[in-house]
Amino acid sequence: MLRIERVGITTVQDVGRRGLAHLGVPTSGAADRASYLLANRLAGNVPGAAMFETSGGLSFTALNDVDVVVAGAECDAAISSRHAAHCALTLLRAGETFNVTRVREGVRAYVAVSGGIVGTPILGSLSHDTLSGIVPVALHTGASLRVGVAVSAPSSLDMPVRPDRLQSLRLSPGPHHELVGSAAVDGILRGAFRVSESSDRIGVRLLGTGISLERDIFSLPSVPLVRGAVQLTPSGELVVMLADYPTTGGYPVIAVAHPDEVDRLAQTPANQVLRLNWREPGAD
-13 MLRIERVGIT
-3 TVQDVGRRGL
7 AHLGVPTSGA
17 ADRASYLLAN
27 RLAGNVPGAA
37 MFETSGGLSF
47 TALNDVDVVV
57 AGAECDAAIS
67 SRHAAHCALT
77 LLRAGETFNV
87 TRVREGVRAY
97 VAVSGGIVGT
107 PILGSLSHDT
117 LSGIVPVALH
127 TGASLRVGVA
137 VSAPSSLDMP
147 VRPDRLQSLR
157 LSPGPHHELV
167 GSAAVDGILR
177 GAFRVSESSD
187 RIGVRLLGTG
197 ISLERDIFSL
207 PSVPLVRGAV
217 QLTPSGELVV
227 MLADYPTTGG
237 YPVIAVAHPD
247 EVDRLAQTPA
257 NQVLRLNWRE
267 PGAD
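All residue numbers for the sequence shown refer to the numbering used here, where the first residue is -13 and numbers rise by one.
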(Lines of atoms letter the chains of each structure in order from A and count residues from 1; the text may use other names and numbers.)
(Lines give C-alpha, C1' and ligand atoms only; values in the text may rest on other atoms or scores of the structure.)
Protein backbone atom coordinates (compact mmCIF):
# COMPACT_ATOMS: atom_id res chain seq x y z
CA MET A 1 0.00 0.00 0.00
CA LEU A 2 0.98 3.61 -0.65
CA ARG A 3 -0.42 6.77 0.97
CA ILE A 4 -0.48 9.97 -1.09
CA GLU A 5 0.95 12.98 0.76
CA ARG A 6 0.95 15.48 -2.13
CA VAL A 7 -0.30 15.14 -5.69
CA GLY A 8 1.38 18.02 -7.49
CA ILE A 9 1.10 17.70 -11.29
CA THR A 10 0.58 13.94 -11.31
CA THR A 11 -1.69 11.33 -12.86
CA VAL A 12 -1.77 7.53 -12.89
CA GLN A 13 -1.09 6.06 -16.34
CA ASP A 14 -0.75 2.69 -18.03
CA VAL A 15 -0.81 1.70 -21.73
CA GLY A 16 -4.24 3.27 -22.18
CA ARG A 17 -7.55 2.36 -23.82
CA ARG A 18 -7.50 0.77 -27.26
CA GLY A 19 -10.12 0.71 -29.98
CA LEU A 20 -12.50 3.36 -28.63
CA ALA A 21 -11.61 6.34 -30.82
CA HIS A 22 -14.82 5.89 -32.83
CA LEU A 23 -16.69 6.64 -29.59
CA GLY A 24 -14.63 9.78 -28.96
CA VAL A 25 -12.56 8.13 -26.20
CA PRO A 26 -8.81 8.70 -26.67
CA THR A 27 -6.20 6.05 -25.99
CA SER A 28 -4.74 8.11 -23.13
CA GLY A 29 -1.95 6.29 -21.25
CA ALA A 30 1.63 7.47 -20.81
CA ALA A 31 2.53 10.53 -22.87
CA ASP A 32 6.14 9.31 -23.22
CA ARG A 33 5.67 5.61 -23.88
CA ALA A 34 9.36 4.76 -24.13
CA SER A 35 10.12 6.10 -20.64
CA TYR A 36 7.01 4.43 -19.24
CA LEU A 37 8.00 1.03 -20.65
CA LEU A 38 11.56 1.43 -19.36
CA ALA A 39 10.36 2.24 -15.84
CA ASN A 40 8.11 -0.83 -15.79
CA ARG A 41 10.88 -3.11 -17.07
CA LEU A 42 13.29 -1.90 -14.40
CA ALA A 43 10.62 -2.30 -11.71
CA GLY A 44 10.04 -5.93 -12.76
CA ASN A 45 6.47 -5.24 -13.83
CA VAL A 46 4.37 -6.43 -16.73
CA PRO A 47 4.60 -3.94 -19.64
CA GLY A 48 1.10 -2.56 -18.99
CA ALA A 49 1.36 -1.93 -15.24
CA ALA A 50 0.12 1.43 -13.96
CA MET A 51 2.48 4.04 -12.51
CA PHE A 52 2.77 7.74 -11.71
CA GLU A 53 3.37 10.28 -14.48
CA THR A 54 4.49 13.51 -12.80
CA SER A 55 5.81 16.95 -13.63
CA GLY A 56 6.66 17.57 -9.99
CA GLY A 57 5.11 17.88 -6.55
CA LEU A 58 4.45 14.16 -6.04
CA SER A 59 4.92 12.71 -2.55
CA PHE A 60 3.84 9.33 -1.22
CA THR A 61 4.62 7.15 1.80
CA ALA A 62 5.10 3.38 1.67
CA LEU A 63 2.97 1.40 4.12
CA ASN A 64 5.01 -1.71 3.23
CA ASP A 65 8.51 -2.12 1.79
CA VAL A 66 8.50 -1.51 -1.98
CA ASP A 67 11.06 -0.92 -4.74
CA VAL A 68 10.79 2.33 -6.73
CA VAL A 69 12.26 3.34 -10.10
CA VAL A 70 12.24 6.78 -11.75
CA ALA A 71 12.63 7.18 -15.54
CA GLY A 72 11.81 9.84 -18.12
CA ALA A 73 12.58 13.48 -17.36
CA GLU A 74 15.48 14.22 -15.05
CA CYS A 75 14.05 15.33 -11.74
CA ASP A 76 14.85 16.01 -8.11
CA ALA A 77 13.74 12.76 -6.47
CA ALA A 78 14.48 11.66 -2.92
CA ILE A 79 13.45 9.13 -0.29
CA SER A 80 13.12 11.09 2.92
CA SER A 81 16.49 12.91 2.85
CA ARG A 82 18.51 10.64 0.52
CA HIS A 83 18.74 11.07 -3.25
CA ALA A 84 16.95 8.61 -5.55
CA ALA A 85 19.05 8.10 -8.69
CA HIS A 86 17.57 8.11 -12.18
CA CYS A 87 16.85 4.64 -13.66
CA ALA A 88 18.11 3.03 -10.45
CA LEU A 89 16.23 0.62 -8.22
CA THR A 90 15.66 2.17 -4.78
CA LEU A 91 14.13 0.45 -1.77
CA LEU A 92 11.41 2.46 -0.09
CA ARG A 93 10.94 1.00 3.38
CA ALA A 94 7.65 1.05 5.25
CA GLY A 95 7.10 4.52 6.72
CA GLU A 96 9.52 6.25 4.32
CA THR A 97 8.32 8.97 1.94
CA PHE A 98 9.24 9.33 -1.71
CA ASN A 99 9.28 12.86 -3.19
CA VAL A 100 9.61 14.31 -6.67
CA THR A 101 9.92 18.02 -6.00
CA ARG A 102 10.56 19.29 -9.53
CA VAL A 103 11.51 18.28 -13.06
CA ARG A 104 14.81 19.82 -14.20
CA GLU A 105 15.28 18.52 -17.76
CA GLY A 106 12.24 17.42 -19.76
CA VAL A 107 8.57 17.55 -18.79
CA ARG A 108 7.38 14.22 -17.36
CA ALA A 109 8.98 11.74 -14.97
CA TYR A 110 7.69 8.19 -14.59
CA VAL A 111 7.67 6.69 -11.10
CA ALA A 112 7.10 2.94 -11.06
CA VAL A 113 6.72 0.77 -7.97
CA SER A 114 7.43 -2.95 -8.16
CA GLY A 115 4.11 -4.69 -8.70
CA GLY A 116 2.48 -1.62 -10.23
CA ILE A 117 -0.48 0.41 -9.00
CA VAL A 118 -3.63 -1.72 -8.73
CA GLY A 119 -7.21 -0.53 -9.11
CA THR A 120 -10.52 -1.07 -10.92
CA PRO A 121 -10.11 -0.29 -14.64
CA ILE A 122 -12.56 1.92 -16.52
CA LEU A 123 -12.95 0.88 -20.17
CA GLY A 124 -10.06 -1.51 -19.71
CA SER A 125 -7.49 0.91 -18.29
CA LEU A 126 -6.35 2.67 -15.11
CA SER A 127 -5.19 5.71 -17.09
CA HIS A 128 -6.37 9.17 -16.06
CA ASP A 129 -7.88 10.78 -19.17
CA THR A 130 -7.68 14.56 -18.67
CA LEU A 131 -9.92 15.27 -21.67
CA SER A 132 -12.83 12.93 -20.94
CA GLY A 133 -12.52 13.15 -17.16
CA ILE A 134 -12.04 9.41 -16.71
CA VAL A 135 -10.23 8.91 -13.39
CA PRO A 136 -10.04 5.24 -12.29
CA VAL A 137 -7.43 5.99 -9.60
CA ALA A 138 -8.17 9.27 -7.85
CA LEU A 139 -5.14 11.03 -6.38
CA HIS A 140 -5.61 13.30 -3.37
CA THR A 141 -3.87 13.86 -0.06
CA GLY A 142 -4.47 10.87 2.18
CA ALA A 143 -5.55 8.51 -0.61
CA SER A 144 -4.43 4.88 -0.24
CA LEU A 145 -3.26 3.02 -3.34
CA ARG A 146 -2.82 -0.73 -3.65
CA VAL A 147 0.35 -2.21 -5.14
CA GLY A 148 0.52 -5.54 -6.98
CA VAL A 149 3.24 -8.18 -7.22
CA ALA A 150 6.24 -7.87 -9.54
CA VAL A 151 6.57 -10.56 -12.22
CA SER A 152 10.38 -10.47 -12.49
CA ALA A 153 13.39 -9.27 -10.52
CA PRO A 154 13.71 -5.46 -10.46
CA SER A 155 16.96 -3.99 -11.77
CA SER A 156 18.93 -0.79 -12.38
CA LEU A 157 20.78 0.66 -15.37
CA ASP A 158 24.50 1.38 -15.15
CA MET A 159 23.99 4.42 -17.40
CA PRO A 160 20.71 6.34 -16.94
CA VAL A 161 18.56 6.82 -20.04
CA ARG A 162 17.24 10.36 -20.35
CA PRO A 163 15.12 11.80 -23.19
CA ASP A 164 17.35 13.84 -25.51
CA ARG A 165 16.31 17.34 -26.51
CA LEU A 166 14.20 17.40 -29.67
CA GLN A 167 15.44 19.82 -32.34
CA SER A 168 13.32 18.76 -35.31
CA LEU A 169 10.14 16.78 -35.85
CA ARG A 170 9.75 14.33 -38.73
CA LEU A 171 6.33 14.33 -40.35
CA SER A 172 4.45 12.19 -42.85
CA PRO A 173 1.60 13.70 -44.92
CA GLY A 174 -1.78 13.51 -43.22
CA PRO A 175 -5.23 12.85 -44.73
CA HIS A 176 -5.88 16.58 -45.37
CA HIS A 177 -2.41 17.42 -46.59
CA GLU A 178 -3.49 18.23 -50.14
CA LEU A 179 -6.24 20.60 -48.93
CA VAL A 180 -3.72 22.92 -47.30
CA GLY A 181 -2.06 24.18 -50.48
CA SER A 182 1.55 24.57 -51.53
CA ALA A 183 2.03 27.99 -49.89
CA ALA A 184 1.12 26.64 -46.45
CA VAL A 185 3.32 23.58 -46.90
CA ASP A 186 6.26 25.82 -47.83
CA GLY A 187 5.60 27.90 -44.71
CA ILE A 188 5.69 24.81 -42.53
CA LEU A 189 8.95 23.54 -43.94
CA ARG A 190 10.74 26.89 -43.92
CA GLY A 191 9.52 28.17 -40.58
CA ALA A 192 10.59 27.61 -37.01
CA PHE A 193 8.03 26.79 -34.34
CA ARG A 194 8.11 27.35 -30.60
CA VAL A 195 6.49 25.00 -28.09
CA SER A 196 3.65 26.86 -26.38
CA GLU A 197 3.27 27.08 -22.61
CA SER A 198 -0.37 26.00 -23.07
CA SER A 199 0.68 22.50 -24.17
CA ASP A 200 -0.63 19.60 -22.07
CA ARG A 201 -1.46 15.89 -22.27
CA ILE A 202 -4.04 16.60 -24.97
CA GLY A 203 -1.55 18.12 -27.38
CA VAL A 204 1.60 20.17 -27.91
CA ARG A 205 0.91 23.57 -29.46
CA LEU A 206 3.54 24.85 -31.88
CA LEU A 207 3.58 28.61 -32.42
CA GLY A 208 5.01 30.03 -35.63
CA THR A 209 4.74 33.13 -37.78
CA GLY A 210 1.39 32.06 -39.20
CA ILE A 211 0.59 29.87 -42.19
CA SER A 212 -0.86 31.23 -45.41
CA LEU A 213 -3.95 29.35 -46.61
CA GLU A 214 -5.38 29.35 -50.11
CA ARG A 215 -8.95 28.64 -48.93
CA ASP A 216 -11.09 27.96 -45.86
CA ILE A 217 -10.58 24.36 -44.75
CA PHE A 218 -11.83 24.54 -41.16
CA SER A 219 -15.33 23.08 -41.59
CA LEU A 220 -14.46 19.46 -42.30
CA PRO A 221 -16.50 16.56 -40.85
CA SER A 222 -15.24 15.64 -37.37
CA VAL A 223 -13.47 12.28 -37.29
CA PRO A 224 -11.28 10.37 -34.79
CA LEU A 225 -7.65 11.36 -34.31
CA VAL A 226 -4.53 9.38 -33.47
CA ARG A 227 -1.54 10.13 -31.27
CA GLY A 228 0.94 12.22 -33.26
CA ALA A 229 -1.66 13.73 -35.62
CA VAL A 230 -0.77 17.33 -36.53
CA GLN A 231 -3.73 19.69 -36.83
CA LEU A 232 -3.71 23.16 -38.33
CA THR A 233 -5.83 25.76 -36.47
CA PRO A 234 -7.39 28.92 -37.97
CA SER A 235 -4.82 31.04 -36.09
CA GLY A 236 -1.99 29.30 -37.92
CA GLU A 237 -0.84 27.25 -34.93
CA LEU A 238 -0.07 23.57 -35.21
CA VAL A 239 -1.22 21.12 -32.54
CA VAL A 240 0.50 17.73 -32.28
CA MET A 241 -1.79 15.31 -30.46
CA LEU A 242 -0.52 13.52 -27.37
CA ALA A 243 -2.21 10.85 -25.26
CA ASP A 244 -5.54 12.53 -24.46
CA TYR A 245 -6.36 13.68 -28.00
CA PRO A 246 -9.94 14.68 -29.00
CA THR A 247 -11.70 14.29 -32.37
CA THR A 248 -10.74 16.66 -35.20
CA GLY A 249 -13.52 19.19 -34.52
CA GLY A 250 -13.45 20.24 -38.18
CA TYR A 251 -9.75 21.18 -38.25
CA PRO A 252 -7.57 19.55 -40.93
CA VAL A 253 -4.96 16.91 -40.10
CA ILE A 254 -2.08 17.96 -42.32
CA ALA A 255 0.56 15.52 -41.04
CA VAL A 256 1.40 12.75 -38.58
CA ALA A 257 4.56 12.74 -36.46
CA HIS A 258 6.88 9.76 -36.23
CA PRO A 259 5.85 7.66 -33.16
CA ASP A 260 9.29 7.70 -31.53
CA GLU A 261 9.45 11.47 -31.80
CA VAL A 262 6.02 11.87 -30.20
CA ASP A 263 7.64 10.41 -27.07
CA ARG A 264 10.43 12.97 -27.33
CA LEU A 265 7.95 15.77 -28.05
CA ALA A 266 6.10 14.86 -24.83
CA GLN A 267 9.37 15.69 -23.01
CA THR A 268 10.00 18.98 -24.88
CA PRO A 269 9.58 21.99 -22.59
CA ALA A 270 7.81 25.24 -23.38
CA ASN A 271 9.67 27.76 -25.57
CA GLN A 272 11.86 25.10 -27.21
CA VAL A 273 12.26 25.93 -30.93
CA LEU A 274 11.59 23.12 -33.41
CA ARG A 275 12.06 22.69 -37.13
CA LEU A 276 9.69 20.49 -39.09
CA ASN A 277 10.63 18.28 -42.03
CA TRP A 278 9.00 15.63 -44.12
CA ARG A 279 9.99 12.04 -43.54
CA GLU A 280 11.39 10.20 -46.53
CA PRO A 281 9.12 7.30 -47.66
CA GLY A 282 10.37 4.05 -46.15
CA ALA A 283 12.55 5.81 -43.54
CA ASP A 284 12.70 4.38 -40.02
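We put the beta carbon where it would ideally sit given N, CA and C, even for glycine. Everything numeric in this text was worked out from a predicted model, so none of it was measured.
Beta bridge counterpart(s) of residue i as assigned by DSSP
| i | result |
| --- | --- |
| H69 | A64 |
| T40 | T(-4), A95 |
| L218 | L224 |
| N263 | R156 |
| A272 | Residue 272 is absent from the model: the chain starts at -13 and stops at 270. |
| A57 | Y96 |
| S111 | I108 |
| R180 | L193, V259 |
| A241 | P159, V216 |
| I103 | A36, V133 |
| I120 | D115 |
8 Å Cβ cutoff met for residue i and residue j
| i | j | result |
| --- | --- | --- |
| E82 | A29 | no |
| I54 | F84 | Note that residue 54 corresponds to Val in the displayed sequence, not to Ile. A contact, by the Cβ cut-off of 8 Å. |
| G110 | N31 | no |
| T(-4) | G43 | yes |
| S187 | A256 | The amino acid at residue 187 is misidentified as Ser; the sequence shows Arg. The answer is no: Cβ separation not under 8 Å. |
| V239 | G160 | yes |
| G177 | V226 | no |
| S185 | R(-11) | no |
| R132 | M(-13) | yes |
| L125 | V(-2) | yes |
| L224 | L192 | yes |
| V181 | T254 | yes |
| S56 | A95 | The residue asked about is misnamed: residue 56 is Val in this sequence, not Ser. Cβ atoms of V56 and A95: closer than 8 Å. |
| D115 | P12 | yes |
| V52 | V121 | no |
| G235 | S205 | no |
N-terminal and C-terminal residue of the beta strand (DSSP E) that residue i is part of
| i | result |
| --- | --- |
| R176 | R176 -> not in any beta strand (DSSP E); alpha helix (DSSP H) instead, spanning 168 to 176. |
| Y96 | 83 to 99 |
| R250 | R250 -> not in any beta strand (DSSP E); alpha helix (DSSP H) instead, spanning 245 to 251. |
| R130 | Sequence check: residue 130 is Ser here, not Arg. Taken as a continuous stretch (DSSP letters only), the beta strand (DSSP E) holding S130 covers 130 to 133. |
| T234 | Looking at the DSSP string, T234 is not in any beta strand (DSSP E), and its letter there is neither H nor E. |
| L77 | 76 to 78 |
| G189 | 189 to 193 |
Residue interval of the alpha helix (DSSP H) (run including residue i)
| i | result |
| --- | --- |
| A20 | 19 to 29 |
> Is it true that the region 57 to 66 meets the region 81 to 100, where meeting means three or more beta-carbon pairs spaced less than 8 Å apart?
Replying inline: yes
> Hey, is the region 210 to 226 in contact with the region 134 to 145, meaning 3+ C-beta pairs nearer than 8 Å?
Replying inline: no
>> Between the region 68 to 79 and the region -10 to 7, can you find at least three pairs of beta-carbon atoms closer than 8 Å?
In response: no
>> Assess contact between the region 155 to 164 and the region 249 to 265, defined as three or more Cβ pairs (one per stretch) separated by less than 8 Å. Is contact present?
In response: yes
> At a cut of 8 Å, does the region 200 to 209 reach the region 244 to 251 through at least three beta carbon pairs?
Replying inline: no
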